[in-house]
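Residue numbers (this note's numbering): 760 to 1037.
Beta carbons are placed, not taken as given, at the ideal position from N, Cα and C, and that holds for glycine.
Written below as structure tokens is the structure these notes are about.
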């Protein structure tokens, strides 16, 4: 049963419709309004379960304008539900502005948890799950993407990224350049669907697999990356860097050392500068 003046945050299936829990269906059937990023997409899901609530579009281009009016309606006693195209709302999806306004207005918020592509991919990865961070979508432009990755190169927690099939090869190449080919990784695609698949190995191995098999570059993707190894002392890097610096320019020597050691570029670069100064 739904209650007046409450906004519900409702998880929806990420692929398999069997993952749509009864409680979520009950809430969506009972609210006055369902807010969806793409009402055409959500209508298909709701129709499948014979749910016919009133729908309204809420996305990044209209959320700031709509939020005050929606809060007023909630304060007047209406009940609403926020859903995503797939998975849990607000995870790389609209809704933060509205939920922040609800908190400021002391409008009750209830969460009806459901599937999460990020957590499903993490569980399937075989990588450490005790500490992890979610980074969402990386910037689409190459320069900004590499800058973001450089800032994360020393992160020791497992990292989770969403990525587009159009950019996955470029992103994996940037990961190889910034983190090294040997960094452990996992790539899940089409989670919970018929063609669900998870590739596990190093960044270099997954990159090679996708280049050899273009069909593997299709579908919705979640990339999970092992954390950076704990920082090592300079002397362990020196035997690798000394011959490289003698034969190559600094930037090339650092790039090769990153590939060999799997250490963050920032750490290798700092050690290379120290060696040159000495």
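Under 8 Å between C-beta atoms of residue i and residue j
| i | j | result |
| --- | --- | --- |
| residue 912 | residue 988 | no |
| residue 918 | residue 937 | no |
| residue 891 | residue 916 | yes |
| residue 794 | residue 817 | yes |
| residue 857 | residue 983 | no |
| residue 981 | residue 1000 | no |
| residue 1015 | residue 1003 | yes |
| residue 766 | residue 845 | no |
| residue 1009 | residue 1031 | yes |
| residue 812 | residue 787 | yes |
| residue 939 | residue 1018 | yes |
is_contact[residue i, chain D] using C-beta, thresh 8 Å
| i | result |
| --- | --- |
| residue 845 | Here chain D cannot be found, since the structure has a single protein chain. |
Spatially closest choice to residue i from the options, by CA coordinates
| i | options | result |
| --- | --- | --- |
| residue 894 | 775, 948, 921 and 803 | 921 |
| residue 819 | 995, 852 and 949 | 852 |
| residue 970 | 1008, 979 and 930 | 930 |
| residue 964 | 942, 835 and 786 | 942 |
| residue 905 | 1011, 947, 935 and 839 | 935 |
| residue 843 | 925, 978, 875 and 1001 | 875 |
| residue 947 | 939, 866, 932 and 924 | 924 |
| residue 764 | 1026, 784, 868 and 975 | 868 |
| residue 1044 | 958, 769, 802 and 974 | No answer is possible for residue 1044: the residues shown for the chain start at 760 and end at 1037. |
| residue 976 | 995, 960 and 956 | 956 |
| residue 968 | 979, 939 and 928 | 928 |
| residue 829 | 902, 862, 780 and 900 | 862 |
| residue 864 | 787, 833 and 1030 | 833 |
| residue 889 | 896, 898 and 878 | 878 |
| residue 979 | 954, 792 and 1018 | 954 |
| residue 836 | 860, 797 and 792 | 792 |
| residue 945 | 959, 812 and 1017 | 959 |
| residue 898 | 926, 887 and 812 | 926 |
Integer-rounded CB distance, given that residue j should sit under 8 Å from residue i
| i | j | result |
| --- | --- | --- |
| residue 1036 | residue 986 | Contact doesn't hold; Cβ gap of about 30 Å is too wide. |
| residue 776 | residue 807 | 6 Å |
| residue 873 | residue 847 | 6 Å |
| residue 771 | residue 814 | No, residue 771 and residue 814 are not in contact; Cβ-Cβ is about 13 Å, not under 8 Å. |
| residue 831 | residue 790 | The Cβ separation is near 16 Å, so there is no contact. |
Residue i CB to nearest heavy atom of the ligand NAD below 7 Å
| i | result |
| --- | --- |
| residue 1013 | Ligands in the displayed structure: none, and consequently the ligand NAD is not present. |
Residues bridged to residue i [DSSP beta-bridge criterion]
| i | result |
| --- | --- |
| residue 892 | 918 |
| residue 814 | 793 |
| residue 771 | 846 |
| residue 961 | 943 |
| residue 766 | 839 and 868 |
| residue 956 | 948 |
| residue 984 | 918 and 944 |
Cβ neighbour criterion (16 or more within 10 Å) applied to residue i
| i | result |
| --- | --- |
| residue 826 | buried |
| residue 962 | buried |
| residue 1026 | buried |
| residue 824 | exposed |
| residue 902 | exposed |
| residue 871 | buried |
| residue 933 | buried |
| residue 779 | buried |
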